[in-house]
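Shown next, in structure tokens, is the structure this report addresses.
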Amino acid sequence: MTPSTPSNSAPGLAQCDLLVIGAGPAGMAAALAAAPSGMAIVLVDDNPAPGGQIWRDGPDAHIPPAARHMREQLARRANVRLHLGTRVLSAPAPGQLLLEDAERGWCLGWQKLILCNGARELLLPFPGWTLPGVTGAGGLQALIKGGMPVADQRIVVAGTGPLLLAAAASARQAGARVIHIAEQAPRRAVLGFAAQLLRWPAKLGQALTLADRHYRTASHVQAAHGSKQLESVTLRTRGRSETLDCERLACGFGLVPNTQLGQLLGCALTPAGTQAPALLVDCWQATSRPSVYAAGECTGFGGSERALVQGAIAGHMAAGNNQAAQKLLPERARWDAFARQLRQRFALQPAIRQLAQPDTLVCRCEDVPLAALQGRGGWTDAKLHSRCGMGACQGRICGAAAQVLLGWSPPAPKLPLSPARIGTLALSSAPSTPEPAHGN
Numbered sequence: 094m095t096p097s098t099p100s101n102s103a104p105g106l107a108q109c110d111l112l113v114i115g116a117g118p119a120g121m122a123a124a125l126a127a128a129p130s131g132m133a134i135v136l137v138d139d140n141p142a143p144g145g146q147i148w149r150d151g152p153d154a155h156i157p158p159a160a161r162h163m164r165e166q167l168a169r170r171a172n173v174r175l176h177l178g179t180r181v182l183s184a185p186a187p188g189q190l191l192l193e194d195a196e197r198g199w200c201l202g203w204q205k206l207i208l209c210n211g212a213r214e215l216l217l218p219f220p221g222w223t224l225p226g227v228t229g230a231g232g233l234q235a236l237i238k239g240g241m242p243v244a245d246q247r248i249v250v251a252g253t254g255p256l257l258l259a260a261a262a263s264a265r266q267a268g269a270r271v272i273h274i275a276e277q278a279p280r281r282a283v284l285g286f287a288a289q290l291l292r293w294p295a296k297l298g299q300a301l302t303l304a305d306r307h308y309r310t311a312s313h314v315q316a317a318h319g320s321k322q323l324e325s326v327t328l329r330t331r332g333r334s335e336t337l338d339c340e341r342l343a344c345g346f347g348l349v350p351n352t353q354l355g356q357l358l359g360c361a362l363t364p365a366g367t368q369a370p371a372l373l374v375d376c377w378q379a380t381s382r383p384s385v386y387a388a389g390e391c392t393g394f395g396g397s398e399r400a401l402v403q404g405a406i407a408g409h410m411a412a413g414n415n416q417a418a419q420k421l422l423p424e425r426a427r428w429d430a431f432a433r434q435l436r437q438r439f440a441l442q443p444a445i446r447q448l449a450q451p452d453t454l455v456c457r458c459e460d461v462p463l464a465a466l467q468g469r470g471g472w473t474d475a476k477l478h479s480r481c482g483m484g485a486c487q488g489r490i491c492g493a494a495a496q497v498l499l500g501w502s503p504p505a506p507k508l509p510l511s512p513a514r515i516g517t518l519a520l521s522s523a524p525s526t527p528e529p530a531h532g533n
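The sequence shown: position 405 = 498 (this note's numbering), numbered continuously.
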């Protein structure tokens, strides 16, 4: 049985047995794990090719063999249908999602659902962070893979975690001159993390490959400078400030799990704390909602290896293959331990939370500075007085920043989850007749 195709002439309800949202490592692993069951599976992603952010395709992308192999396996599965370049807009009824691609919108009914919609970068405000030339660390990688030229450009990478080294390596391979990698974690924390990598030999080898002589611990960005474009960056390294001329600054202060769709469906989140809330799952990757599973970085950051095994467990469970899922639990525990090391060793230092000045924009969509938010009681109060979080990103960027800077709970998701055509939104209120799941 294969997923049915939505009708373009009348509003119908396409059906599938298993719907997987996100075609990164976790989503691909989930679909492949469930595929032998014969379930009608639909895999949805807003990118033009499977791989997610970590295996993003593009003119200058270098897709690893593992990713290519998984793509080939998916292509051979007749009961797995990919909808790429497709966004999830809302959940108009229980067991349904409203989808849209470049040509049409449609409602899709599901029996089981696996959320693998990943995470986004945590962008924290500091003076000059809105200048052209300042991006996220992962954002820089995506731009380079997409073909943006950086040859001979001087680049500073700042923030925390292994993503900094990966972003720097991507820039170097594209011909850029990486002049400084500022890791905010102290030297003892980074050395402690390196010592623990003996437990994960592949990660140790990867770290040695990415080693860079410009890497500095206890170092963070203070301000970016320029009139119309980034011209220089001031860094604070072990108690001393220095200003470096550069053309680009890439900052990555961690990741924020994409929980909006899960929240919309009523899935519980992890308790509030120093980390951004993630989708709460049990040992079988099941969320608090029946028939809804989650895997990958929407459940918390831990790297592609953890995402792969989580996705496989979720896929097996959705297909009713509990025995296969149970065999993967030790492997997941191994990568859960790696994720704990990442969180502990690269926790944000207090100085990072003090980078923004009173006149530093926190909500760049609505030009709201930190001073306008200090003393407010939370999101509702801030919106009433400043429109913070009401711009194009709908609080996705400033919401995560406000949690770090002000301790506010992130705003509730708004509908639609992404910009959409009026005709598509109308489908969510129109009565629909289920279409049988059959082949083309």
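Built from N, CA and C at the ideal position, the CB exists for glycine as well.
**OP:** For residue 202, write down the residues that DSSP places opposite it in a beta bridge.
**Re:** Residue 202 pairs with 108, 189.
Original post:
With 16 as the cutoff for other CB atoms within 10 Å, does residue 284 come out buried or exposed?
Top reply: So residue 284 counts as exposed.
Subject >> Alpha carbon of residue 540 to alpha carbon of residue 392, nearest angstrom >> reply: Because the chain is modelled from 94 through 533, residue 540 falls outside the range shown and cannot be assessed.
**OP:** Would you mind reading off the limits of the alpha helix (DSSP H) that contains residue 331?
**Re:** It is not in any alpha helix (DSSP H) - residue 331 carries neither H nor E in the DSSP assignment.
Original post:
Quick one: Cα of residue 102 to Cα of residue 516, how far?
Top reply: Only weak support exists for where residue 102 lies, its pLDDT of 33 falling under 50; the value from the coordinates is given anyway. Using only the alpha carbons, I get a separation of about 13 Å.
**OP:** Quick one: give me the first and last residue of the beta strand (DSSP E) that residue 315 is part of.
**Re:** Element bounds for residue 315: 312-318.
**OP:** Report yes if the CB atom of residue 136 is closer than 8 Å to the CB atom of residue 166, and no otherwise.
**Re:** With contacts defined as CB atoms closer than 8 Å, residue 136 and residue 166 fail to qualify as a contacting pair.
Original post:
Any idea which residues DSSP pairs residue 180 with across the strands?
Top reply: Under DSSP, the beta-bridge partners assigned to residue 180 are 193.
**OP:** Classify residue 122 as buried or exposed, calling it buried when 16 or more other Cβ atoms lie within 10 Å of its own Cβ.
**Re:** When all chains shown are included, residue 122 counts as buried.
Original post:
Could you give the residue range of the alpha helix (DSSP H) that holds residue 294?
Top reply: Counting along the chain, the alpha helix (DSSP H) containing residue 294 begins and ends at 294-303.
**OP:** Using beta-carbon positions only, say whether residue 404 and residue 118 come within less than 8 Å of one another.
**Re:** A distance below 8 Å separates the beta carbons of residue 404 and residue 118.
**OP:** Go through its chain and collect everything with a Cβ distance to residue 452's Cβ below 6 Å, but skip five positions before and after it.
**Re:** For residue 452, where only same-chain residues beyond five positions count, the Cβ hits under 6 Å are 462.
Subject >> One or two residues paired with residue 327 in a DSSP bridge >> reply: Under DSSP, the beta-bridge partners assigned to residue 327 are 316, 336.
Subject >> Nearest neighbour of residue 316, chosen from 222, 243, 505 [CA to CA] >> reply: Distance check between residue 316 and each of 222, 243, 505 places 222 closest, using alpha-carbon atoms only.
**OP:** Let me know the secondary structure DSSP gives residue 276 once reduced to three states.
**Re:** Residue state, collapsed to three classes: strand.
Original post:
Could you give the uninterrupted runs of the alpha helix (DSSP H) lying entirely in the region 464-531, keeping only those of 4 residues or more?
Top reply: Unbroken alpha helix (DSSP H) stretches of 4 residues or longer found wholly inside the region 464-531: 472-479, 489-499, 515-520, given in chain order.
Original post:
Quick one: what does DSSP say residue 343 is sitting in, helix, strand or coil?
Top reply: It is a strand residue.
Subject >> Proximity of residue 178 and residue 141 at Cβ, strictly below 8 Å >> reply: Against a cut-off of 8 Å, the Cβ pair of residue 141 and residue 178 comes out as a contact.
**OP:** Compare the C-alpha of residue 228 against each of 210, 307, 314 and name the closest.
**Re:** For the residues 210, 307, 314, the minimum Cα distance to residue 228 belongs to 314.
**OP:** Can you check DSSP and say which residues form a bridge with residue 214?
**Re:** DSSP lists 348 as the beta-bridge partner residues of residue 214.
Subject >> Beta bridge counterpart(s) of residue 228 as assigned by DSSP >> reply: Per DSSP, 343.
Original post:
Is the number of C-beta pairs between the region 499-511 and the region 471-489 that are closer than 8 Å three or more?
Top reply: Pairwise C-beta distances place the region 499-511 in contact with the region 471-489, as three or more of them are shorter than 8 Å.
Original post:
To the nearest angstrom, how far is it from the Cα of residue 495 to the Cα of residue 245?
Top reply: Cα to Cα, residue 495 sits roughly 36 Å from residue 245.
**OP:** Using three-state DSSP, classify residue 126 as helix, strand or coil.
**Re:** The DSSP-derived three-state label of residue 126 is helix.
**OP:** Work out the CA separation of residue 354 and residue 369 for me, nearest whole Å.
**Re:** If I take the Cα positions, the gap works out to 16 Å.
Original post:
DSSP puts residue 362 in a beta bridge; with which residues?
Top reply: DSSP, once it has assigned bridges, lists 372 as partnering residue 362.
Original post:
Does DSSP classify residue 269 as helix, strand or coil?
Top reply: Note: residue 269 maps to coil in three-state DSSP.
Subject >> residue 413 versus residue 182: straight-line alpha-carbon distance, rounded >> reply: In this structure, the alpha-carbon of residue 413 lies about 28 Å from that of residue 182.
Original post:
Going by the CB atoms, is the gap between residue 312 and residue 330 shorter than 8 Å?
Top reply: For residue 330 and residue 312, yes; Cβs fall inside 8 Å.
**OP:** Going by CA-CA distance only, name the one from 279, 169, 108 that's closest to residue 332.
**Re:** Selected option, being the one with the closest Cα: 279.
Subject >> Cβ contact (3+ pairs, closer than 8 Å) linking the region 336-350 and the region 252-262 >> reply: By the C-beta criterion, the region 336-350 is judged to be in contact with the region 252-262, since at least 3 inter-stretch pairs fall below 8 Å.
Original post:
Helix, strand or coil for residue 114 per DSSP?
Top reply: The three-state secondary structure of residue 114, taken from DSSP, is strand.
Original post:
I think residue 268 touches residue 209, with their Cβ atoms under 8 Å apart; what is that distance to the nearest whole Å?
Top reply: About 34 Å separates the two Cβ atoms, so there is no contact after all.
**OP:** Could you work out which residue in 324, 144, 270, 455 is closest to residue 211 when comparing CA atoms only?
**Re:** For the options 324, 144, 270, 455, the alpha carbon positioned closest to that of residue 211 is the one of 144.
Original post:
Which residues in the same chain as residue 492 place their Cβ atom closer than 7 Å to its Cβ, once the five residues preceding and following it in sequence are excluded?
Top reply: Scanning its chain for C-beta atoms nearer than 7 Å, with the 5 sequence neighbours on each side dropped, one finds around residue 492 the residues 482, 503, 504, in chain order.
Subject >> Host alpha helix (DSSP H) of residue 402 (start-end) >> reply: Looking at the DSSP string, the run of the alpha helix (DSSP H) that includes residue 402 is 397-411.
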